[in-house]
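Structure record follows, encoded as structure tokens.
4 protein chains.
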Amino acid sequence: MRVHSREVEKTVYRKLAERGVELEDIADIVLEMQLPYHPHLEFDTCMESVKAVLSKRELQHAILVGIELDVLAEQNALSEPLLSILREDEGLFGCDETLAIGSVYGYGSIALTTFGFLDKQKIGIIRKLDNKSYGKVNTFLDDLVAAIASSASSRIAHKQRDLEEKLLDARPDGEGQTAVQEEDKAGEFDPLLREAGENAAS
Amino acid sequence: MRVHSREVEKTVYRKLAERGVELEDIADIVLEMQLPYHPHLEFDTCMESVKAVLSKRELQHAILVGIELDVLAEQNALSEPLLSILREDEGLFGCDETLAIGSVYGYGSIALTTFGFLDKQKIGIIRKLDNKSYGKVNTFLDDLVAAIASSASSRIAHKQRDLEEKLLDARPDGEGQTAVQEEDKAGEFDPLLREAGENAAS
Amino acid sequence: MRVHSREVEKTVYRKLAERGVELEDIADIVLEMQLPYHPHLEFDTCMESVKAVLSKRELQHAILVGIELDVLAEQNALSEPLLSILREDEGLFGCDETLAIGSVYGYGSIALTTFGFLDKQKIGIIRKLDNKSYGKVNTFLDDLVAAIASSASSRIAHKQRDLEEKLLDARPDGEGQTAVQEEDKAGEFDPLLREAGENAAS
Amino acid sequence: MRVHSREVEKTVYRKLAERGVELEDIADIVLEMQLPYHPHLEFDTCMESVKAVLSKRELQHAILVGIELDVLAEQNALSEPLLSILREDEGLFGCDETLAIGSVYGYGSIALTTFGFLDKQKIGIIRKLDNKSYGKVNTFLDDLVAAIASSASSRIAHKQRDLEEKLLDARPDGEGQTAVQEEDKAGEFDPLLREAGENAAS
């Protein structure tokens, strides 16, 4: 019998929580990544974007697979030498990034470069997960969190543009506005962006 | 001044037409690729899916870049040795696939494997474009058409599943249905699928 | 303690054999894929190319991870709903392709399109693995075999070109040769190609 | 008539120089990226690695295409709206990253994450290229330089490991060494690494 998507999504939320990742932690990263480009961006918009990307099958499946491997490595329930490779988070092992990247692609090249940046800089919860002192194996999880955060960041960048253009279209003198002027007024767009956000998760 | 997305989309439609690619040709490929999985799939649903993927920035930009290079090669307006490489559609040149694939990733791994298949099998309009007797350079265009068709195919596969699950949820005995039974009833879903399709382009 | 690469490679060979995949089966696919382009290509050259791509870390790691997941699914040792998804080889599950594709990219866009083709057409051993009547879970393995075969195919295409150019350079009238003439003489290159092959695995 | 690889490679070197990119500038980035992991890494090893990755077809072709588009944009020789998009280096335009990334994949996931990092941080020559005050269009070039640098960095990481393992194998008590001890002795490996480097470009 086929597994229902609702079942998959519910498990994804539960597993992230069990492994110590709160959606708020991820939204924090998104806010930090996008604030330089959208100075009036609010936390709730980031949170909404995190939930929206978590509704995608490709990312849900990657999370299930990655967390499963982390947990099995923690329980010494994998065969060697894979077990040692995962427990050590061996530097040249790339399947964790590969799996994560597969789900990032859906949000374009901004998502991909943000992922690379987060993978190197390990901001916020990603750094905590990478810290072995927690006594856990998070070889896959830190990359998965980076994937969620970078996808959500890219989604905001694209949605923000869509919104700016819609507002531009609504002005009588719309076409004559320059990029600089639009930038200055970015703050005005936020209430609308939040509104758009509520409908964008589906 | 920043270019408006509407301008980009309009140009994409015009350029495809100028290069001899009708959206109907692409929808034909989509229908051929997805019919084995969804026997009641209709042409209009495929057409709608083609338009939906054409609304994505990543793909629009790839189309603008690829067609530009084809046209410039045709006019001998590129420097050597790039000019010869494009005019010969040199077998080991991979930038055409790379550019096209970048926009395919957004629709998941089904899109990617469908792209690989179309790139080898060259179905319908893709074969015509690959045929040098037209006296044109279509080094990038055939891959771009394969990218549109494979993205639209994958989008249908995912939407069809969403729809099946929604119907399943609506039944009183929904959860007890087996995969085989769902398959048998796939035809019943089509009217709803078309309806869903009309709202999915945004 | 860090795992030695030699240990990883040895395990990869052993696991493939345990799962019923002989390197000869993969070389058969490579031969079938490349014969149309290099009519004098020999089986031994394909076999050498399979071994060469199997020496790459990225692919080795993907094989270890993929086979581990297949085996654990067979033993019902994964949590739900991942277990059901893998046991059913659920059509919209894409982590198997994603993992495999990550290792294919190293051999360029020819490798990627060949992978897509093999994933759809399921030639030779790939079809056998896909056949559920074997009572095994090969959700990841069939894609991994397609990854090995497509990487090895692309490697041959690139090496063949290198060789042709070296031979062309060695001729007094080298630069005047056309592509057609080179194609006709492709058979003459094979002994040299095999020789080159022996040194290329490292 | 088919273009000879030698011709392609020569043009790549010439075009990079014409656009103000010295290979030394790229080697500097590689050194900065890899020094934290290999404290005794020398500039010459980085330079050799840059040349090695520049010998790959996939990357060479990407460089030819990208620089061609930059130059044509500078000369206003592209059609609209592509011309404006390239001249503005429009933030949501991703074909530059896509083209560059296609050639990065060949060096594994380390290369990909390094690329993402460089794309955001814009170290050294990449920052200079990104600086519009030069009066040039470098929309593609900065990403191409990041692609060369990240590929060369990843290649060093992999070769360094190969070398460490060879040295480990040569010791009578080799298998008992821990990762920490290897790290401490990394400096000793450098002369050999350089030697290996000289043979690795082909």
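Chains as they are written, first to last, in my numbering: chain A, 5 to 206; chain B, 5 to 206; chain C, 5 to 206; chain D, 5 to 206.
Each residue gets a CB set at the ideal place from its N, CA and C atoms; glycine is no exception.
Beta-carbon contacts of residue i that lie in its chain and below 8 Å, excluding the five residues immediately before and after
| i | result |
| --- | --- |
| glutamine 185 of chain B | Note that glutamine 185 of chain B scores 34 on pLDDT, short of 50, meaning its location in the model is unreliable; the coordinates nonetheless yield the value given after this. Contacts found: none. |
| glycine 112 of chain A | Ser158, His162 |
| valine 25 of chain D | Ile129, Leu133, Leu145, Val149 |
| leucine 73 of chain C | Leu82, Leu90, Thr143, Phe144 |
7 Å Cβ cut-off: residues of chain C touching residue i
| i | result |
| --- | --- |
| serine 113 of chain B | Gly98, Glu101, Thr102 |
| glutamate 62 of chain A | Gly98 |
| leucine 82 of chain A | Glu72 |
Where residue i meets chain B, residues with beta-carbon distance less than 9 Å
| i | result |
| --- | --- |
| glycine 106 of chain D | Gly98, Cys99, Glu101, Thr102, Leu103, Ile105, Gly106 |
Residue environment, residue i, which counts as buried when at least 16 other CB atoms sit within 10 Å
| i | result |
| --- | --- |
| arginine 23 of chain D | buried |
| glutamate 94 of chain B | buried |
| phenylalanine 97 of chain C | buried |
| arginine 6 of chain A | buried |
| arginine 10 of chain A | exposed |
| serine 154 of chain D | buried |
| glutamate 179 of chain C | Low per-residue confidence applies at glutamate 179 of chain C: pLDDT is 48, beneath 50, and the placement is therefore not dependable enough to give any value. |
| proline 85 of chain A | buried |
| glutamate 170 of chain B | Rather than glutamate, the amino acid found at residue 170 of chain B in this sequence is lysine. Classification of lysine 170 of chain B: exposed, given that the 10 Å Cβ count is below 16. |
| arginine 61 of chain C | buried |
| alanine 104 of chain C | buried |
| alanine 174 of chain A | exposed |
| serine 107 of chain C | buried |
| alanine 81 of chain B | exposed |
| alanine 151 of chain A | buried |
| valine 12 of chain B | buried |
Contact list for residue i against chain D, beta-carbon separation under 7 Å
| i | result |
| --- | --- |
| glycine 95 of chain C | Near glycine 95 of chain C there are no residues of chain D at all, since even the closest Cβ is about 26 Å away, more than 7 Å. |
| valine 57 of chain B | Those do not exist, as valine 57 of chain B stays about 15 Å from chain D at its closest Cβ, beyond 7 Å. |
| serine 88 of chain B | Val7 |
Within chain C, partners of residue i - CB distance below 8 Å
| i | result |
| --- | --- |
| leucine 73 of chain B | Within chain C, no residue comes near leucine 73 of chain B; the closest Cβ sits about 16 Å away, beyond 8 Å. |
Same chain only: Cβ atoms within 6 Å of residue i, ignoring 5 sequence neighbours per side
| i | result |
| --- | --- |
| aspartate 100 of chain C | Thr143, Phe144, Asp147 |
| glutamine 38 of chain B | Leu45, Ser157, Ile160 |
| threonine 182 of chain B | Any reading at threonine 182 of chain B must be qualified, since the residue scores a pLDDT of 39, below 50, and its modelled position is unreliable; no value is offered. |
| tyrosine 109 of chain B | none |
Chain B contact residues for residue i, given Cβ-Cβ distances below 8 Å
| i | result |
| --- | --- |
| aspartate 173 of chain C | Ordered by position in chain B, no residue passes the 8 Å Cβ test against aspartate 173 of chain C, which lies about 16 Å from the chain. |
Residues that residue i contacts on chain C, provided the C-beta gap is smaller than 9 Å
| i | result |
| --- | --- |
| glycine 120 of chain B | Leu116, Thr117, Thr118, Phe119, Gly120, Phe121, Leu122, Asp123, Lys124, Ser154 |
Interface residues of chain A facing residue i [CB-CB closer than 7 Å]
| i | result |
| --- | --- |
| glutamate 11 of chain C | Pro85 |
| glutamate 239 of chain B | Because residue 239 of chain B is not part of the residues shown, which for chain B are 5 to 206, the question remains open. |
| glutamate 92 of chain C | Arg6 |
Cross-chain neighbours of residue i in chain A, by beta carbon under 9 Å
| i | result |
| --- | --- |
| arginine 165 of chain D | Gly95, Leu96 |
| tyrosine 41 of chain B | Result: empty, since nearest Cβ-Cβ is about 14 Å, beyond 9 Å. |
Same chain, Cβ closer than 7 Å to residue i, neighbours up to 5 away in sequence not counted
| i | result |
| --- | --- |
| threonine 15 of chain C | Leu68 |
| phenylalanine 47 of chain D | Ala31, Leu35 |
| glutamate 78 of chain A | Lys140, Val141 |
| histidine 65 of chain D | none |
| isoleucine 71 of chain C | Lys19, Arg23, Phe144, Leu145 |
| arginine 91 of chain D | Ala77, Val141 |
| leucine 87 of chain D | Ala77, Asn80 |
Contact list for residue i against chain D, beta-carbon separation under 8 Å
| i | result |
| --- | --- |
| alanine 66 of chain A | Near alanine 66 of chain A there are no residues of chain D at all, since even the closest Cβ is about 14 Å away, more than 8 Å. |
| glycine 70 of chain C | Correct list: empty, because the minimum Cβ distance to chain D is about 16 Å. |
Listed by chain order, chain A residues near residue i by CB distance under 8 Å
| i | result |
| --- | --- |
| histidine 162 of chain D | Leu96 |
Chain-ordered neighbours of residue i on chain B, where CB pairs are closer than 7 Å
| i | result |
| --- | --- |
| glycine 128 of chain A | By Cβ distance, chain B contributes nothing, its closest Cβ being about 26 Å from glycine 128 of chain A, past 7 Å. |
Where the region 13 to 35 of chain B meets chain D: residues whose CB sits under 7 Å from a CB there: Cβ contacts with chain D: Thr15.
Sufficient close CB pairs (3 or more, under 8 Å) joining the region 114 to 128 of chain C to the region 112 to 129 of chain B: yes
Validate contact between the region 26 to 33 of chain A and the region 50 to 60 of chain A using beta carbons, cut 8 Å, 3 pairs: yes
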